[in-house]
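Participant: My questions will all concern the structure given below.
Protein chains: 2
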Amino acid sequence: MKNVIVGQSGGPTAVINSSLLGVYKTAKDRGADKVYGMVHGVKGLLDREVVDLSTRFKNDLDMDLLKRTPSSFLGSCRYKLPDIDGHEDVYEKIFSLLEELEIYAFFYIGGNDSMDTIMRLTDYGKKINSPVRFIGVPKTIDNDLALTDHTPGYGSAAKYIAATTKEIIRDGLVYDYPVVSVIEIMGRNAGWLTAAAALAKGEDCEGVDDIYLPEKVFDIDKFLARMQSLLKENRSVVIAVSEGVKVADGRYVCELSEHVDYVDAFGHKQLAGTARFLAGKVAEKFGVKTRAIELSSLQRCAAHIQSRIDVTEAFNCGGAAVKAAFEGRTGLVITLKRVSDEPYMCITEEADVHKIANVEKKVPKEWITDDGTNVKTELVRYILPLIQAEITPLWVNGLPRHIRLHSTSTIK
Amino acid sequence: MKNVIVGQSGGPTAVINSSLLGVYKTAKDRGADKVYGMVHGVKGLLDREVVDLSTRFKNDLDMDLLKRTPSSFLGSCRYKLPDIDGHEDVYEKIFSLLEELEIYAFFYIGGNDSMDTIMRLTDYGKKINSPVRFIGVPKTIDNDLALTDHTPGYGSAAKYIAATTKEIIRDGLVYDYPVVSVIEIMGRNAGWLTAAAALAKGEDCEGVDDIYLPEKVFDIDKFLARMQSLLKENRSVVIAVSEGVKVADGRYVCELSEHVDYVDAFGHKQLAGTARFLAGKVAEKFGVKTRAIELSSLQRCAAHIQSRIDVTEAFNCGGAAVKAAFEGRTGLVITLKRVSDEPYMCITEEADVHKIANVEKKVPKEWITDDGTNVKTELVRYILPLIQAEITPLWVNGLPRHIRLHSTSTIK
Chain E
4 MKNVIVGQSG GPTAVINSSL LGVYKTAKDR GADKVYGMVH GVKGLLDREV
54 VDLSTRFKND LDMDLLKRTP SSFLGSCRYK LPDIDGHEDV YEKIFSLLEE
104 LEIYAFFYIG GNDSMDTIMR LTDYGKKINS PVRFIGVPKT IDNDLALTDH
154 TPGYGSAAKY IAATTKEIIR DGLVYDYPVV SVIEIMGRNA GWLTAAAALA
204 KGEDCEGVDD IYLPEKVFDI DKFLARMQSL LKENRSVVIA VSEGVKVADG
254 RYVCELSEHV DYVDAFGHKQ LAGTARFLAG KVAEKFGVKT RAIELSSLQR
304 CAAHIQSRID VTEAFNCGGA AVKAAFEGRT GLVITLKRVS DEPYMCITEE
354 ADVHKIANVE KKVPKEWITD DGTNVKTELV RYILPLIQAE ITPLWVNGLP
404 RHIRLHSTST IK
Chain S
4 MKNVIVGQSG GPTAVINSSL LGVYKTAKDR GADKVYGMVH GVKGLLDREV
54 VDLSTRFKND LDMDLLKRTP SSFLGSCRYK LPDIDGHEDV YEKIFSLLEE
104 LEIYAFFYIG GNDSMDTIMR LTDYGKKINS PVRFIGVPKT IDNDLALTDH
154 TPGYGSAAKY IAATTKEIIR DGLVYDYPVV SVIEIMGRNA GWLTAAAALA
204 KGEDCEGVDD IYLPEKVFDI DKFLARMQSL LKENRSVVIA VSEGVKVADG
254 RYVCELSEHV DYVDAFGHKQ LAGTARFLAG KVAEKFGVKT RAIELSSLQR
304 CAAHIQSRID VTEAFNCGGA AVKAAFEGRT GLVITLKRVS DEPYMCITEE
354 ADVHKIANVE KKVPKEWITD DGTNVKTELV RYILPLIQAE ITPLWVNGLP
404 RHIRLHSTST IK
């Protein structure tokens, strides 16, 4: 009898539930008895919050809805396992729970932080000769995982960013006076998401004027000089900027603001965002109308505009994880290998979790223009296949229908 | 020979180009010779910026793209005509241009400010016995036009707001610690758009916890007390608030912020938004994680999620305007009359422009709960038919395809 358990960790994506479905269906197809879900990841597991997924996915409609539901069906956590040395009690607790549930394989859907969990459990399991297999399923809108061509979740976020950027560009052109729109896009250290704004440009769209990634030092004076020259030639200027751009001394641009929004209960100053700061600078200096637009959480939860390629790959990564475990392998993360660009072909592979956990993959400097104001064609060519094709929402009464999220179940 | 001219004015919507298409196609069907477009509304007309639309819409694909393209194809303006008395020169200029172009009818697609233009031109035309007919075509995401059941543009904005609110609610539930998300929605004086957040609630969604419209006085202390009680019962609290909520002394909530983002070239203080202010208050007081989400321009330009009902009605209003003019009527605005709710049936009617220009229709107090923290079922029942059915974007290479906007043409 083979029971398996699966959890979701870190920030959600528009397709994280497709990976969950990939694990669930493949495990069932390969003869798994029970497929358990950890509620709120390994943190929930420690609290014995576990759900039997077959009681939740009753029919094909449930699974179709699951694929189209944003956010993590099982809930998530940002919990990192402690060092094994000195915290054996935590690991003993987890492994005794896994034994109690007769778990054959443990799957964790997450980013580089979450892969740390797979790594530590693999290492502890080896130490105690546990038969449990541990496999990581890649997930993050940030696309910053090492050794994989890209990560599930990124394609849909990129599609959302490109599509809304096109709409914002259209909107900016409406009036006959100058407007500078600054679009702030997620990605604290890696510019993959912000780079997706480049896809807006095409036969039917002028594209954004500048793109600023955190991989290059941001220079406020050069930025303002650039705005001045853009404003000479354009009625509407649209800029895409990563929330994580930093100036030469290492401070985030948003930290340059003198204006604190509020101080939270932990004493942390909450600062105006990067877009607001830059829009403010432009308004002050050139006296033009500016708009600061934060794409905000929608980047990770806009399931109404999923990339079908992304949905399929997310599902396949879940399936490949089960295959690897059922063939006896452990301590791995599933990766994606691009075989060709045109036509786009991509297969799953496996990588040692130790080479992926806690490593951050940034945009190569060669894919950014030398003056740091845009990205090169190579980067556009890299992203474009990942946003291809659509998956139609199941519209009910005018709105996309979702599946209800789990309700917590505790093992008796 | 009948030439007509059409302009778009005020803020754009996701369906303002469907009204343009309704005017264009109906005028052509009814035998109009030339259909001119004013580039940037009446302001552009005064500068002789006029385009012959038949040179721009060459085939059915152009028209299908036009319907799906957000923002105003012809460009817009916020220009209001001056009083006739003392500014006869402006009116003489416009009417001599209309004579030169042999214009039979003048259509203006816009909100209550834009209808002021139709009213003044009608009045001046009458004074000089001009044969030109003037007809207004309703448009505004704000839904604040008098005498019409609703306005084209509102349904698509409401659909976008409801769909993204559902996604934000899902996203908020991911973690196992308390989060308060404050969604800021457009509508300076009328709460129609913010009310659309109520549609998120359904079989598959908990809905937002509170909805605050500008029609009711906003009380910060009551709001904080309410948040305290919601946080006792919920892990994730989601609030929809209009950008225009005001406290008892008449100040906007966002004006209460002590923190000025920047001072623009005109000396105007740019304040943090309503959502940021409220999220800050909650974070300060209760020490919980908060998120301030401004739906921003996407409310008016998210054409990738149009309501089909809205597209159809926008087109029909354009068509009805041409019909009225070609049957000899003038000084009118097309209105929508809801004949029944279930099944939803709606027809076009006509109203005297003097009764619509500059009038703002607010949400009736009876449709808001007495404590001002939510809307009543009547309001949900009113909005629901307007977001029904979809119109699929024309996806090309992973993104919705648009039509290129006009390039300015000047009459020789």
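Protein sequences appear in the order of chains E and S. Sequential numbering of the first sequence, starting at 4, is according to this note's numbering. Sequential numbering of the second sequence, starting at 4, is according to this note's numbering. Heads up, the beta-carbon is just placed ideally off N, CA and C, and yes, glycines get one too. Here the structure is a predicted model, which means the values were calculated and not measured.
1) Using the Cβ count rule (16 or more neighbours within 10 Å means buried), how would you classify E:Arg-420?
2) I'd like to know whether the C-beta atoms of E:Leu-216 and E:Val-248 end up nearer to each other than 9 Å.
3) List the endpoints of the continuous alpha helix (DSSP H) containing S:Lys-288.
4) Comparing the C-beta of S:Gln-231 with each C-beta of chain E, is any distance below 9 Å?
5) Kindly examine the ligand MG and report whether one of its heavy atoms sits closer than 8 Å to the Cβ of E:Asn-361.
6) In this structure, does DSSP put S:Ile-337 in helix, strand or coil?
7) Checking contacts by CB at 9 Å: is E:Ala-440 closer than that to chain S?
8) With three or more beta-carbon pairs closer than 8 Å as the criterion, would you say the region 139-159 of chain E touches the region 17-36 of chain E?
9) Going by other Cβ atoms of all chains shown within 10 Å of its Cβ, with 16 needed for buried, is E:Gln-11 buried or exposed?
10) Run the CB neighbour count on S:Lys-364, radius 10 Å, all protein chains shown included, and call it buried at 16 or more, exposed below.
11) Between the region 397-409 of chain S and chain E, which residues of the former have CB atoms less than 9 Å from a CB of the latter, in chain order?
12) Can you have a look at E:Ala-251 and say buried or exposed, based on whether 16 or more other CB atoms are within 10 angstroms of its CB?
13) Tell me the DSSP secondary structure of E:Ile-131 in three-state form.
14) Would a C-beta distance cut-off of 9 Å place E:Asn-6 and E:Asp-36 closer than the cut-off?
15) List, in order along the chain, the chain S residues whose C-beta lies closer than 7 Å to that of E:Ala-165?
16) S:Leu-389: which of S:Lys-28, S:Val-314, S:Lys-379 and S:Pro-367 sits nearest, CA to CA?
17) Kindly indicate if chain S contains any beta-carbon less than 9 Å away from that of E:Lys-415.
18) Could you check how far apart the C-beta atoms of E:Ser-79 and S:Val-177 are, in whole angstroms? I think they sit under 8 Å.
19) Suppose you measure from the CA of S:His-357 to the CA of S:Gly-334; what does that come to, to the nearest Å?
20) If contacts are defined as beta-carbon pairs under 8 Å, then S:Asp-212 and S:Leu-233 qualify, I think. What distance do you get, rounded to the angstrom?
21) With H, G and I counted as helix, E and B as strand and the rest as coil, what does DSSP make of S:Ile-164?
22) In its own chain, which residues sit with a C-beta less than 6 Å from the C-beta of S:Tyr-347, not counting the 5 before and 5 after it?
23) To the nearest angstrom, how far is the alpha carbon of S:Arg-311 from that of S:Ile-188?
24) Quick check on the DSSP output: what are the complete beta strand (DSSP E) runs of length 3 or more inside the region 31-65 of chain E, in order along the chain?
25) Grouping DSSP H, G and I as helix and E and B as strand, with all else coil, what is S:Ala-306?
26) Answer with buried or exposed for E:Glu-369, where buried requires no fewer than 16 other C-beta atoms within 10 angstroms of its C-beta.
27) Would you check if the distance between the CB atom of S:Val-45 and the CB atom of S:Val-183 is smaller than 9 Å?
28) Answer yes if the region 325-342 of chain S comes into contact with the region 125-145 of chain S, meaning at least three C-beta pairs across the two stretches below 8 Å, and no otherwise.
29) Could you confirm whether any beta carbon from chain S is found closer than 9 Å to the beta carbon of E:Arg-294?
30) By the criterion of Cβ-Cβ separation under 8 Å, what are the contact partners of S:Tyr-178 in chain E?
31) Where does S:Pro-85 land, buried or exposed, given buried means 16+ other C-beta within 10 angstroms?
32) Rounded to whole angstroms, what is the Cα-Cα separation between E:Ala-161 and E:Thr-72?
33) Do you know offhand how far S:Trp-195's Cα is from E:His-307's?
Facilitator: Short version:
1) Only positions 4 to 415 of chain E appear in this structure, which leaves residue 420 of chain E out of reach.
2) Position 213 of the first sequence, counted from the first residue, corresponds to residue 216 of chain E. Position 245 of the first sequence, counted from the first residue, corresponds to residue 248 of chain E. Yes; because the gap between Cβ atoms is below 9 Å, this pair is in contact.
3) Walking along the second sequence from the start, residue 288 of chain S turns up at place 285. In the DSSP assignment, S:Lys-288 falls within the alpha helix (DSSP H) that extends over 277-289.
4) As a first step, residue 231 of chain S is located in the second sequence; it is residue number 228 there, counting from the start. Closer than 9 Å: no.
5) This structure does not include the ligand MG; it has no bound ligands of any sort.
6) The residue given as residue 337 of chain S occupies position 334 in the second sequence. Three-state DSSP puts S:Ile-337 in a strand.
7) The displayed coordinates of chain E run from 4 to 415. Any statement about residue 440 of chain E would go beyond what the structure contains.
8) In short, these stretches touch, since the Cβ pair count reaches three.
9) As a working note, residue 11 of chain E is residue 8 in the first sequence. Counting Cβ neighbours within 10 Å, E:Gln-11 comes out buried, since at least 16 surround it.
10) As a working note, residue 364 of chain S is residue 361 in the second sequence. When all chains shown are included, S:Lys-364 counts as buried.
11) Result list: Trp-398, Val-399, Asn-400, Gly-401, Leu-402, Pro-403, Arg-404, His-405, Ile-406, Arg-407 and Leu-408.
12) Against the first sequence, residue 251 of chain E aligns to sequence position 248. A residue is called buried once 16 or more other Cβ atoms fall within 10 Å of its Cβ, and E:Ala-251, having fewer, is exposed.
13) Here residue 131 of chain E corresponds to residue number 128 of the first sequence, with the count starting at 1. DSSP places E:Ile-131 in coil when its eight states are reduced to three.
14) As a first step, residue 6 of chain E must be located in the first sequence, where it is residue number 3. As a first step, residue 36 of chain E must be located in the first sequence, where it is residue number 33. With respect to E:Asp-36, E:Asn-6 sits close: the two C-beta atoms are nearer than 9 Å.
15) Taking the first sequence and counting its residues from 1, one reaches residue 165 of chain E at position 162. Under the 7 Å cutoff, chain S gives Leu-402.
16) Mapped onto the second sequence, residue 389 of chain S falls at position 386. Across the set S:Lys-28, S:Val-314, S:Lys-379 and S:Pro-367, the C-alpha of S:Val-314 shows the shortest separation from the C-alpha of S:Leu-389.
17) The residue labelled residue 415 of chain E in the question sits at position 412 within the first sequence. Annotation note: pLDDT 43 at E:Lys-415 (below 50); position unreliable, coordinate value reported separately. For E:Lys-415, no Cβ of chain S is located within less than 9 Å of the residue's own Cβ.
18) For the purposes of this step, residue 79 of chain E is taken as the residue at position 76 of the first sequence. For the purposes of this step, residue 177 of chain S is taken as the residue at position 174 of the second sequence. So it is a contact: roughly 5 Å between Cβ atoms.
19) To locate residue 357 of chain S, count along the second sequence from 1; it is residue 354. To locate residue 334 of chain S, count along the second sequence from 1; it is residue 331. Going from the Cα of S:His-357 to the Cα of S:Gly-334 covers about 8 Å.
20) Position 209 of the second sequence, counted from the start, is the residue given in the question as residue 212 of chain S. Position 230 of the second sequence, counted from the start, is the residue given in the question as residue 233 of chain S. Confirmed, Cβ separation roughly 5 Å.
21) Along the second sequence, one-based indexing puts residue 164 of chain S at 161. Three-state DSSP puts S:Ile-164 in a helix.
22) Position 344 of the second sequence holds residue 347 of chain S. Residues Pro-388 of the same chain have their beta carbon placed closer than 6 Å to that of S:Tyr-347, with the five preceding and five following residues left out of the count.
23) Position 308 of the second sequence, counting from 1, holds the residue named residue 311 of chain S. Position 185 of the second sequence, counting from 1, holds the residue named residue 188 of chain S. Looking at the two C-alpha atoms, the distance is approximately 22 Å.
24) Complete beta strand (DSSP E) runs here, min 3: 38-41 and 53-55.
25) Here residue 306 of chain S refers to the residue found at position 303 of the second sequence. It is helical.
26) For the purposes of this step, residue 369 of chain E is identified with residue 366 of the first sequence, where counting begins at 1. Taking all protein chains shown into account, E:Glu-369 has fewer than 16 neighbouring C-beta atoms within 10 Å of its C-beta and is therefore exposed.
27) For the purposes of this step, residue 45 of chain S is taken as the residue at position 42 of the second sequence. For the purposes of this step, residue 183 of chain S is taken as the residue at position 180 of the second sequence. No, the Cβ-Cβ distance between S:Val-45 and S:Val-183 is not below 9 Å.
28) By the Cβ criterion, the region 125-145 of chain S is in contact with the region 325-342 of chain S, since at least three pairs of Cβ atoms, one from each stretch, lie closer than 8 Å.
29) As a working mapping, residue 294 of chain E is identified with position 291 in the first sequence. Cβ-Cβ to chain S under 9 Å: yes for E:Arg-294.
30) To locate residue 178 of chain S, count along the second sequence from 1; it is residue 175. For S:Tyr-178, the chain E residues whose C-beta falls within less than 8 Å of its own C-beta are His-43, Gly-78, Ser-79, Cys-80 and Arg-81, listed in chain order.
31) The sequence position of residue 85 of chain S within the second sequence is 82, counting from 1. Classification for S:Pro-85: exposed.
32) Working through the first sequence from its first residue, we reach residue 161 of chain E at position 158. Working through the first sequence from its first residue, we reach residue 72 of chain E at position 69. Cα to Cα, E:Ala-161 sits roughly 17 Å from E:Thr-72.
33) Counted from its first residue, the second sequence places residue 195 of chain S at position 192. Counted from its first residue, the first sequence places residue 307 of chain E at position 304. One Cα belongs to S:Trp-195, the other to E:His-307, and the distance between them is close to 23 Å.
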